[in-house]
Amino acid sequence: MFGLTFEKLFLVAIVAGLVIGPQRLPIYTHRLAELIRSVRSFVDASKARADLEALDVRQYDPRRIVRKALTEPASARPADEADLEEQASRVRPGQKYLVTGGSAHPRRILIDSLPEDDPRRLAAHVPTPAADDETELLLAEVEQLLENPVRS
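Residue numbers (the numbering used here): 1 to 152.
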């Protein structure tokens, strides 16, 4: 701090002890300690004040939140590419809905309502089996039978 080493501080303390005198030295050290405490509390208070001023309390108004959620369509909300890719990695083929948002306020979005080039919609796409792919055709038949069981 200011290029002062322990030796220099020790030398300043000895000189101050000689100049001020041993009788007044405790009084001045007490005053210096009080001054340092008051400067430190002033700096902490100004930091807290700056943090409080930076916080916009109006953003937590429930009326404003609801109004924004009702007027802003879901497709107009900005989403960055990394977020879209991360969401697309969690989508399973054949999935109908995408759940977004936090656990406190989840939102279900129909995957078919997403744009055609959206990576989440592409991840949910189930390709139709080729005519010569017997395994895929059999799996498709089994899935259809599971969804709509034959009753006799």
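Here a beta-carbon is modelled for each residue, glycine too, at the ideal position from N, C-alpha and C.
These figures come from a predicted structure and were not determined experimentally.
Residue i and residue j closer than 8 Å at C-beta
i	j	result
K96	I109	no
A123	V99	no
Y28	I20	yes
For residue i, the residue or residues it bridges with in DSSP
i	result
I109	L98
Inter-residue Cα distance where the pair is residue i and residue j
i	j	result
G94	H125	6 Å
T5	R64	56 Å
D133	L146	20 Å
R31	A50	28 Å
S103	F10	59 Å
A45	L52	10 Å
V168	S89	With the chain covering only 1 through 152, there is no way to say anything about residue 168.
T194	R107	The chain is shown from 1 up to 152; residue 194 falls before or after that span and cannot be answered.
S48	P127	For the sequence presented, residue 48 should be read as Ala rather than Ser. A48 and P127: Cα-Cα distance of roughly 57 Å.
L138	G101	37 Å
Cβ neighbours of residue i in the same chain (closer than 6 Å, five flanking residues each side left out)
i	result
R121	I111 and L114
L25	G17
V43	none
Q87	R120
For residue i, the first and last residue of its enclosing alpha helix (DSSP H)
i	result
Q144	E134 to E147
Y28	L25 to A54
Q87	E81 to S89
E7	F6 to I20
P119	P119 to A124
V66	P62 to T71
7 Å CB neighbourhood of residue i in its chain, flanking five on each side removed
i	result
L55	none
A68	The residue you asked about is not Ala; residue 68 is Lys in the sequence shown. Excluding sequence neighbours, K68 sits near nothing in its chain.
Residues of its chain near residue i, where Cβ-Cβ distance is below 8 Å and the 5 sequence neighbours each way are ignored
i	result
L84	D118, P119 and R120
P149	none
R58	R64
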